[in-house]
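Residue numbers for the sequence shown, in numbering that gives the first Met the number 0: 0 to 776. Accompanying notes for the structure given below.
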Amino acid sequence: MFTKEVKISLLSMDYAPSHVHTGIQCILMLKGSVEVVLEEGSTTLNGEDLFVINENVRHEVIPQGANVALILRVEKDYISRENEEFANRSIFCHCIGHSDENSHYYGLKNALIRMLYIISNKEDGYYLDFKVELLRFIFILYTRFFDKEIEQEKQRGEKSLEEILRYIQQNHARSLKLEEVAKIAYMSPQYFSRRFKAKVGKGFHEYLTEFRLQKAVKSLVGTDDSLIKIALDHGFANGKSFSEAFKKEYQETPGNYRKHHLRQSEDKGDEERFYASDISFELDIELKDVMRYLKKYEMNTGSRTLNKTAYEIPMTDKLVDVLVPQENILNIGRVTTAGYTNLYAQLPRLRERLGFKYVYFELEYNFVVESVDYSLVVCNQFFRLVDKLRSEQLIPMIKIVPEAIYKKDSSANMLVDLDKKIDIFIRCISAVYPRNFIESWKFNICYEEDFGEEYRFAFYRKVWHRLKKAYPKIHIGYYGLSDDRTESREHLQKVLGALKQEKIMPDFFTFGIFPASIQGTYLKNKLLYSSMEGYHKEMVTAVKECFVNLGIQVPPLYLVEWNTLKGSIATESILYFRSALIVNALLAMNKVIRGAGYWADSSVASIYSKEETMSDLALHMLDDVRRPIYPVLEIMNRIGSHMIYREKNVIASITEGGDYAILLWNPKYLNPTYSVDDTITDSLTENIEIKLTNLTDGVYQIKKVVCNKQQSGAITQITNAGYPDFNDGEVFEYIQYNIANGLSVYDENIYDGSYVLNTDLLYNAVVLYMITKKRQS
């Protein structure tokens, strides 16, 4: 893609005198090295180094022999159209000598290599695919490498990081103390030391020594100066300290390094001429060194060695376990949100295909005020929604929080007329709906952090008594836990004890499960994160213990809000494919919760969630585009409850219609930025062989449903791009019709009572086989 505003090139960099660009320039070195000279100092880029130059920053490029670089230039006008706020930001992205353990640097490199690959192949739709990767690059760059404290530093009179580095580089040749640099940065030495390491990734003295060594290396191979002169010229106190630091960094003495590299430079003339002439502006995708990076960052064409597992399942009707049918809960946020989404059109399908029973929404403040303007709108939408739920045989689950009755700025006497406001609501619904319908509803009383413990209890007590007085058979619940902290459990037990003493125990209990941030307990290859295996079931157990410890019978438990991942990794990956993690959590909690909740639409979830928009478990985005949780629930709704086999991550069951269902899932979490490296993903992929026995002879229809990144990857690509313009019809169509389960249907004539299924189960993939014996005509 070559335009006036975006240009990507694969080339051998020549000398470029001091100049500026009107947009950003990104250099990814693939081979060789170049020196980039800025006003604050110079930086040498070697293979795999990534360097971004801001607009209007004067710089000079000096090649250090043969080199191959991938260059991306993006004009400011282009960035302004995509996100005006980004265009005004200054970034600092100097990945020099960093390993790819840093997922943000890896994400930038991956996007660049993807752009190179796309523009080289020019497959159908390549322009949109290129834009997806370009926007992903811009999104990562301007959100992860923008110094949010830069304005605060100016206000405090602190120097920017660029100014500090420039000062160090310009004064590296003399004795330079941390206290001196801290002083010019207007910081205390202790605070400066912490800030410097956090920003640069290494301590002040380590950075200074490395920079001095870089300069000394150039003098070693480029001049005839003595070792002691080179040492003193670059800030080392004496020859001994220079030699020790040099040997620690380069594993050889300065003298040996000079001899070795002088010989190399004399022998490589022909090689330099070859690369300089062979690399052209037209991207030669067959170039050996470029293919190595395409392989590392995008593809692996080598032979695959997968982990193999074999199972044998006797296809009988012998029951080994039961899956308890779940009462799924559809979370729509507030009544008013239903009016501007496609919820009403979706409800029949959601109930039938995904097994939803309840629709969870918040009772809004305006419903119970005695005004006739906006409150009438809310009332009308409330009745319209409940009418629709009634016609679809769905049950309202109404969330009541203090804000639903009072605004946050209410006075301390807000409980005085609570009975009156609840009565307004009761009179409204009693005038429209029959008693038996209302008594099927569930009311979930929740608390807000802004209200004290004493008020929470008083609020619950008043609402409980008022509702029970009007409708004794109505179901009232309490939301009481969302994390595994000890203080949270102690608080819950205290509240439950008070409710027990007042004899106003909830008929059901709701809670949330949000795993703590996965900080990354790296395995040996430094790519895998620790899983959350068992976390959800442990949280449910903790909830039950709070009741048991008080001698209270555990009521039905509903997990109304939850996630498989949370924190920085989940929010950065946004729509990362994690279907098997969802299946794993649901099966682990199957017998200990009555039902789980799911957001109808991610745009609604974003209003309530403290996490980024797409991190929640939502069925849709943009009304109609299905997210990965949707096909997972379709699969879970089809497997039935009569389990005839269970081993590790394999289940076999018999459906109500008499069909066999075989469910496989592979719950492994991989940092998304590494998910393009097949050498890693293959190590997580399992080849599953299942031998089915005890089948009666005849013709069977075998239907294979696959839910994995290959089938559901379009939505992941588009959101990883950094939220492109979804108002673009082409973009919307692309993602709307590209997320779906893979499906294959075929007939098999089984005559010896057995049949073998074989499939490659990708990490976080889910595969369902539906096996139906055909009737003889």
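No residue lacks a Cβ here, since even glycine has one placed at the ideal position from N, Cα and C. Values in this document were obtained by computation on a predicted structure and should not be read as measured data.
Point to revise | Span of the beta strand (DSSP E), counted from its first residue to its last, around residue 62 | key: Taking the first residue of the sequence shown as 1, we reach residue 62 at position 63. Run containing residue 62: 58-74, per the beta strand (DSSP E) assignment.
Check your understanding: Just checking my contact of residue 589 with residue 513 at CB under 8 Å: how many whole Å lie between their CB atoms?
Key -> Within the sequence shown, numbered from 1, the residue matching residue 589 stands at position 590. Within the sequence shown, numbered from 1, the residue matching residue 513 stands at position 514. Contact flag wrong, Cβ pair sits at about 20 Å.
Point to revise | According to DSSP, residues forming a beta bridge with residue 598 | key: As a first step, residue 598 is located in the sequence shown; it is residue number 599 there, counting from the start. 330, 617.
**Study point:** Cβ neighbour criterion (16 or more within 10 Å) applied to residue 401
**Key:** Here residue 401 is taken as the residue at index 402 of the sequence shown, counted from 1. So residue 401 counts as buried.
Practice item. Have a look at the DSSP bridge pairing and note the partners of residue 769. Key: Numbered from 1 along the sequence shown, position 770 holds the residue referred to as residue 769. 660, 702, per the DSSP bridge assignment.
Review point. Per DSSP, what kind of secondary structure is residue 162 in: helix, strand or coil?
Key: The residue you call residue 162 lines up with position 163 of the sequence shown. Residue 162 falls in the helix class under three-state DSSP.
Check your understanding: For residue 237, which residues of its own chain have a beta-carbon under 7 Å away from its beta-carbon, when the five flanking residues on both sides are left out?
Key -> Taking the first residue of the sequence shown as 1, we reach residue 237 at position 238. Cβ neighbours of residue 237 beyond the five flanking positions: 230.
Review point. So residue 692 and residue 433 are in contact, right, with Cβ under 8 Å, and what is the actual spacing, rounded?
Key: Locating residue 692 in the sequence shown gives position 693, where the first residue counts as 1. Locating residue 433 in the sequence shown gives position 434, where the first residue counts as 1. No, residue 692 and residue 433 are not in contact; Cβ-Cβ is about 54 Å, not under 8 Å.
**Study point:** Rounded straight-line distance, which links the Cα of residue 140 to that of residue 134
**Key:** Numbered from 1 along the sequence shown, position 135 holds the residue referred to as residue 134. Numbered from 1 along the sequence shown, position 141 holds the residue referred to as residue 140. Computed Cα separation, rounded: 10 Å.
Practice item. Mind checking which residues open and close the alpha helix (DSSP H) that includes residue 642? Key: In the sequence shown, the residue the question calls residue 642 occupies position 643. It is not in any alpha helix (DSSP H) - residue 642 instead sits in the beta strand (DSSP E) that spans 641-646.
Check your understanding: Going by alpha carbons, who is nearest to residue 795 out of 181, 558, 636?
Key -> Absent from the structure is residue 795, since the part of the chain shown begins at 0 and ends at 776.
Check your understanding: Relative to the C-alpha of residue 385, which residue among 423, 667, 337 is closest?
Key -> Walking along the sequence shown from the start, residue 385 turns up at place 386. If we check each option's Cα against that of residue 385, 337 comes out closest.
Review point. Measuring CA to CA, which of 631, 624, 625, 542 is closest to residue 592?
Key: By one-based count along the sequence shown, residue 592 stands at place 593. Out of 631, 624, 625, 542, 542 has the C-alpha closest to the C-alpha of residue 592.
Review point. Thinking C-beta only, is residue 28 closer than 9 Å to residue 60?
Key: Translated into the one-based positions of the sequence shown, residue 60 becomes position 61. Translated into the one-based positions of the sequence shown, residue 28 becomes position 29. No, the Cβ-Cβ distance between residue 60 and residue 28 is not below 9 Å.
Check your understanding: DSSP on residue 243, reduced to helix/strand/coil?
Key -> Counting from 1 along the sequence shown, the entry for residue 243 is found at position 244. Residue 243: helix per DSSP, three-state reduction.
Exercise for review: For residue 250, count neighbouring Cβ atoms within 10 angstroms of its own Cβ and tell me buried if that reaches 16, exposed if not.
Suggested key: Position 251 of the sequence shown holds residue 250. That one is exposed.
**Study point:** Burial state of residue 183, where buried means 16 or more other Cβ atoms lie within 10 Å
**Key:** The residue given as residue 183 occupies position 184 in the sequence shown. Residue 183 should be labelled exposed.
Exercise for review: Assign residue 537 to one of two classes, buried (16 or more other C-beta atoms within 10 Å of its C-beta) or exposed (fewer than that).
Suggested key: As a first step, residue 537 is located in the sequence shown; it is residue number 538 there, counting from the start. Result: exposed.
Practice item. Decide if the segment 626-645 is in contact with the segment 751-760; the criterion is three or more beta carbon pairs, one per stretch, under 8 Å apart. Key: no
Practice item. State buried or exposed for residue 540, treating a residue as buried only when at least 16 other CB atoms are found within 10 Å of its CB. Key: Taking the first residue of the sequence shown as position 1, residue 540 is located at position 541. Residue 540 is exposed by the Cβ-count criterion.
Exercise for review: Could you tell me the distance, in whole angstroms, from the CA atom of residue 511 to the CA atom of residue 505?
Suggested key: Here the question's residue 511 lines up with position 512 in the sequence shown. Here the question's residue 505 lines up with position 506 in the sequence shown. Distance between the alpha carbons of residue 511 and residue 505 is about 17 Å.
Review point. Should residue 43 and residue 34 be called a contact, given that it needs their Cβ atoms to be closer than 9 Å?
Key: Taking the first residue of the sequence shown as 1, we reach residue 43 at position 44. Taking the first residue of the sequence shown as 1, we reach residue 34 at position 35. Yes, these two residues count as a Cβ contact at 9 Å.
Review point. Among 194, 204, 193, 199, which one has its Cα closest to the Cα of residue 171?
Key: If you number the sequence shown from 1, residue 171 lands on position 172. It is 204.
Check your understanding: Cβ of residue 763 within 9 Å of Cβ of residue 626?
Key -> Translated into the one-based positions of the sequence shown, residue 763 becomes position 764. Translated into the one-based positions of the sequence shown, residue 626 becomes position 627. No, the pair does not count as a contact, with Cβ atoms beyond the cut-off.
Check your understanding: Is the beta carbon of residue 331 less than 9 Å from the beta carbon of residue 664?
Key -> Here residue 331 corresponds to residue number 332 of the sequence shown, with the count starting at 1. Here residue 664 corresponds to residue number 665 of the sequence shown, with the count starting at 1. No, the pair does not count as a contact, with Cβ atoms beyond the cut-off.
Review point. Relative to the alpha-carbon of residue 642, which residue among 632, 633, 648, 653 has its alpha-carbon at the smallest distance?
Key: Locating residue 642 in the sequence shown gives position 643, counting from the first residue. For residue 642, the nearest C-alpha among the options comes from 653.
**Study point:** N- and C-terminal bounds of the beta strand (DSSP E) containing residue 325
**Key:** The residue you call residue 325 lines up with position 326 of the sequence shown. Where residue 325 is concerned, there is no enclosing beta strand (DSSP E), given that its DSSP letter is neither H nor E.
Check your understanding: Between which two residues does the alpha helix (DSSP H) containing residue 188 stretch?
Key -> Here residue 188 refers to the residue found at position 189 when the sequence shown is read from its first residue. Start and end: 188-199.
Check your understanding: Buried or exposed: which applies to residue 126, given that a residue is buried once 16 or more other Cβ atoms fall within 10 Å of its Cβ?
Key -> In the sequence shown, the residue the question calls residue 126 occupies position 127. Counting Cβ neighbours within 10 Å, residue 126 comes out exposed, since fewer than 16 surround it.
Check your understanding: How big is the Cα-Cα spacing for residue 648 and residue 742?
Key -> Looking up residue 648 in the sequence shown gives position 649. Looking up residue 742 in the sequence shown gives position 743. Residue 648 and residue 742: Cα-Cα distance of roughly 21 Å.
Check your understanding: residue 745: buried (16+ other C-beta within 10 angstroms of its C-beta) or exposed?
Key -> Translated into positions along the sequence shown, residue 745 becomes position 746. Exposed, by the Cβ-count rule.
Check your understanding: Within 10 angstroms of its Cβ, does residue 222 collect 16 or more other Cβ (buried), or is it exposed?
Key -> The residue labelled residue 222 in the question sits at position 223 within the sequence shown. Exposed, because fewer than 16 other Cβ atoms sit within 10 Å of the Cβ of residue 222.
Check your understanding: When burial is assigned at 16 or more other CB atoms within 10 Å of the CB, is residue 697 buried or exposed?
Key -> The sequence position of residue 697 within the sequence shown is 698, counting from 1. Exposed, since its Cβ has fewer than 16 Cβ neighbours within 10 Å.
Review point. Going by DSSP, which residues form a beta bridge with residue 33?
Key: Indexing the sequence shown from 1 puts residue 33 at position 34. DSSP, once it has assigned bridges, lists 44, 62 as partnering residue 33.
Practice item. Consult DSSP for residue 651 and reduce its assignment to one of helix, strand or coil. Key: Working through the sequence shown from its first residue, we reach residue 651 at position 652. Reduced to three states, the DSSP call for residue 651 is strand.
Review point. When you compare each of 71, 425, 23 to residue 91 by their alpha carbons, which one comes out closest?
Key: For this step, residue 91 is matched to residue 92 along the sequence shown. Nearest C-alpha to residue 91: 23.
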